[in-house]
Amino acid sequence: MSLFRQEIAEQPAVVQRLLDQAAAITRIGSALRERRPVGVMIAARGSSDHAAVYAKYLLQQRNRIPVALAAPSLYTHYAAPPKVEGFCVIGISQSGSAPDVTAVLADARRQGSITVAISNDPDSRLAREADFVVPLLAGAERSVPASKTYMATLMAIALLSQAIDPEPGFESALRAVPEALERALACEPQAAGAARFLEAGRMIVLGRGFNLATAEELA
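So for the sequence shown, the working numbering puts the first residue at 64; every next one is plus one.
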């Protein structure tokens, strides 16, 4: 079994660990309700940037908070960071070592913004720049494609949304995710038929709304 397949199989347990530690994220939600940021800006790269697309949809749809995706090159290349006073600025990095994402959080902190790091390494450089840290609790991810850290990031974002605006129905839906993932993994024999498409010269992946993030990740 490949490392990638092994780490895909770990996703239900990873998500359950996040749910079991949701109280820490609830405290972040309380701080955001108290500070009432005028908007959220999210900095991320690669798979984390795809998860940020999900965050943009969810925080705007559920929480009605305006969300922007950062342009890290404004910080590292053009030396022209935007004014984000009054914002909550979130940095997402599985490793916590992305220098441009860290630069966005560091500048936001200098401006007095609330800063949140979502990372699989709670002791990372990114985490040290944040007022609040959401650890992904995914364990080491050794395969090149992200799997369990991407899924964990989506759950962390959903838990943050729930912490900002608690809703029993949404919480129940989140609690059901590990079991839903187990059912999805049980469909592997049916999914194996898609292996024939490996011979295709090209593939088009379509998605919109909340599914756009995962469509981009798959592509």
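Built from N, CA and C at the ideal position, the CB exists for glycine as well. Predicted model only: the values in this text are computed from it and were never measured.
Give me the residue from the options with the minimum Cα distance to residue i.
| i | options | result |
| --- | --- | --- |
| N126 | A180, L95, S235, I181 | L95 |
| E245 | L66, M64, V77 | V77 |
| A106 | E97, Y117, R99, R98 | Y117 |
| V179 | A203, V207, E279, T216 | T216 |
| G175 | E148, D184, I153 | E148 |
| V167 | A255, A226, R259, P135 | P135 |
| K146 | I155, A169, P185, I181 | A169 |
| R99 | Q123, V207, L261, I128 | I128 |
| T139 | A133, Q253, D163, A263 | D163 |
| I91 | I177, Q253, R68, Q74 | I177 |
| F273 | K119, E262, E73, A254 | K119 |
What did DSSP end up calling residue i once you bin it into helix, strand or coil?
| i | result |
| --- | --- |
| G232 | helix |
| V268 | coil |
| G149 | coil |
| L200 | coil |
| V167 | helix |
| M104 | strand |
| G256 | helix |
| G154 | strand |
| V77 | helix |
| S176 | coil |
| A131 | strand |
| S111 | helix |
| S182 | strand |
Under 8 Å between the Cβ atoms of residue i and residue j?
| i | j | result |
| --- | --- | --- |
| L137 | A131 | no |
| S111 | Q157 | yes |
| L66 | R205 | yes |
| A114 | L222 | no |
| L121 | S224 | yes |
| S210 | I71 | yes |
| N183 | A201 | yes |
| L199 | A219 | yes |
| I153 | V103 | yes |
Alpha carbon to alpha carbon, what distance is there between residue j and residue i?
| i | j | result |
| --- | --- | --- |
| Y249 | F195 | Rather than Tyr, the amino acid found at residue 249 in this sequence is Ala. Computed Cα separation, rounded: 36 Å. |
| P241 | A171 | 34 Å |
| G159 | I267 | 31 Å |
| R191 | T165 | 9 Å |
| A247 | P229 | 27 Å |
| P231 | E97 | 21 Å |
| P185 | C151 | 19 Å |
| L237 | P75 | 12 Å |
| F260 | P252 | 15 Å |
| Q69 | G264 | 27 Å |
| A276 | A255 | 23 Å |
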